[in-house]
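Here is the structure we will look at, set down as structure tokens.
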Amino acid sequence: MRALPALTCLLLLAGLTACTDDARDALRPSKTGCYLGGGGEVHLSAEQAANAATIAAVGIRDGFGEQAVAVAITTAMQESELVNVNYGHDDSLGLFQQRPSMGWGSEEELMDPVYASYKFYEKLDRTDGWEDMRLAEAAQAVQVSAYPELYEQWESDAQVIADAFAGGEETGLACISGSADEPATDAASLADAYAYQWGADVSNVEESRIVIEADGAAEGWNRAAWAVARAYDHRIASVSYNGKVWTPGEEAWSEPGSEEDGEAQVVEVADSTAVIITFAAPE
């Protein structure tokens, strides 16, 4: 029960009296969404993180590296704030605000984050010298925006996000999973999403467990981050890789057998070659 300390603190504050640490903690809003980077310096909502994970997966699937992913993330952060909106200037829509009238694709296609990402990378690949440009410059070369300077504000955050989803940063993403309106409850649905976004099948799928074999640490951490980012939509209970395990919470990645809230974690931990994803039981 934390309501009483919080109420007490409010009363004390009114009288200009100091509050206890516990009472201050009770007044702080609960953390939500996902935190990226070693110090959690970038915060995204669950929806934003899932879209960023999709953008990265499509880029890696199609042979692009971390820099291209960072360009795509920079662009989507400015164009839509990483939210798949069905509106925009004139007929612009989707993550990248691409326009059907300009030949990017149909409205239905551009509202598919996988297709929209594919079309972005396709044009980036046709842009001469993009590899030597700043992220904002490369974004502008693809988008041809009337406000090119606005991309610059997202470069730093986009690089952190790309590090987590495409750069193989160890435990670079931690999400506090909530309860989606209609979360998927079967492992097969996530396996299908993986195949569509990554262009490859998972190694094994069971009723409440998925295994993804990884060729090296960077690949493993990229896949692990992708899975964590989908926890909200797929009721994921844990993701483990290379001796680390993620479970929903503020202190998300930990060693197996560590104690949180006085109870030892009991989860299956993958070896260094596989990402293991487990699912919560349906409510």
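Heads up: the sequence shown is residues -20 to -1, 1 to 263, going by mature numbering (1 follows the signal peptide of the UniProt record, and there is no 0). The beta-carbon is built from N, C-alpha and C at its ideal position, and this holds for glycine as well. Only a predicted model underlies this, so the values are computations on that prediction, with no experimental measurement involved.
Straight-line measurement puts the Cα of Tyr174 at about 11 angstroms from the Cα of Ser183.
Apart from sequence neighbours up to five positions away, the residues of its chain that approach Arg210 with a beta-carbon distance below 8 angstroms are Ala30, Ala33, Leu170, Ala173 and Ile216, ordered along the chain. Annotation note: the segment 124 to 171 contains the following uninterrupted beta strand (DSSP E) runs of length 3 or greater, listed N- to C-terminal: 153 to 156. Put simply, the backbone Cα of Ala138 is about 5 angstroms away from that of Thr54. Counting along the chain, the unbroken alpha helix (DSSP H) around Leu90 starts and ends at Glu87 to Leu90.
Annotated three-state conformation of Asn184 is strand, per DSSP. The three-state secondary structure of Arg41, taken from DSSP, is helix. Per DSSP, the continuous beta strand (DSSP E) segment holding Ser218 begins and ends at Ile216 to Tyr221.
Here the alpha carbon of Trp178 sits roughly 32 angstroms from the alpha carbon of Glu129. When C-alpha distances from Ala167 are compared across Arg106, Ile256 and Gly158, the shortest belongs to Ile256.
Residue pairing for Trp226: DSSP places it in a beta bridge opposite Val219 and Trp233. Of all alpha-carbon atoms in Glu89, Ser60 and Thr151, the one lying nearest the alpha-carbon of Gly223 is that of Thr151. DSSP places Phe259 in the uninterrupted beta strand (DSSP E) bounded by Ala254 to Phe259. Here DSSP, grouped into helix, strand and coil, assigns Leu24 to strand. Setting aside the 5 residues that flank it on each side, Ala198 is surrounded in the same chain by Gly148, each with a C-beta closer than 6 angstroms to its C-beta; the list follows chain order. Excluding five sequence positions before and after Val208, the CB atoms of its chain that fall closer than 6 angstroms to its own CB belong to Leu153, Cys155, Val219 and Trp226, given in chain order.
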